[in-house]
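Visitor: Read in full-length UniProt numbering, the sequence shown has 80 at position 80, and its numbers run on one by one without any break.
For glycine and all other residues, C-beta sits at the position ideal for the given N, C-alpha and C.
First, the structure itself, so that you have it in front of you.
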Amino acid sequence: MLKDPQGQIKSNRKGFIEVPGVVLEKLPNTTFKVELENGHEIIAHLSGKMRKYRIRVLPGDKIVVEMTPYDLTKGRITVRL
1 MLKDPQGQIK SNRKGFIEVP GVVLEKLPNT TFKVELENGH EIIAHLSGKM RKYRIRVLPG
61 DKIVVEMTPY DLTKGRITVR L
């Protein structure tokens, strides 16, 4: 879903990297520990629209994380699958 035909990870229009993952643990202030599909663990927070519409994310949920290429240890949860 998030890969181009060559199998590369997809970048969206703003230069962010979108990677699917699974929520491992819920942390305070709508932050989560997430395991990406490549095995790395990062800390991610909910996007503003997900907070606004109160979309719940629980451990075990499959999500899409948006990360900047400058800091690959933090991200923003944009979609719950």
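Can you tell me whether E18 is buried or exposed? The criterion is at least 16 other CB atoms within 10 Å of its CB, across all chains shown.
Guide: Under this definition E18 is a buried residue.
Visitor: I need the straight-line Cα distance from D61 to D71, nearest angstrom please.
Guide: Going from the Cα of D61 to the Cα of D71 covers about 23 Å.
Visitor: Name the two residues that bound the continuous beta strand (DSSP E) containing G75.
Guide: Per DSSP, G75 belongs to the beta strand (DSSP E) from D71 to R80.
Visitor: Rounded to the nearest angstrom, what separates L81 and V64 at their Cα positions?
Guide: Cα to Cα, L81 sits roughly 7 Å from V64.
Visitor: Considering only their Cβ atoms, is the gap separating L24 from F32 smaller than 9 Å?
Guide: In contact: F32 and L24 (Cβ atoms closer than 9 Å).
Visitor: With a CB to CB cut of under 6 Å and the five nearest residues on each side skipped, what residues in its chain are close to T78?
Guide: Counting only Cβ-Cβ distances below 6 Å, and skipping sequence neighbours, we find S47, V64 and E66.
Visitor: If we count the other Cβ atoms within 10 Å of its Cβ and call it buried at 16 or more, is G75 buried or exposed?
Guide: So G75 ends up on the buried side.
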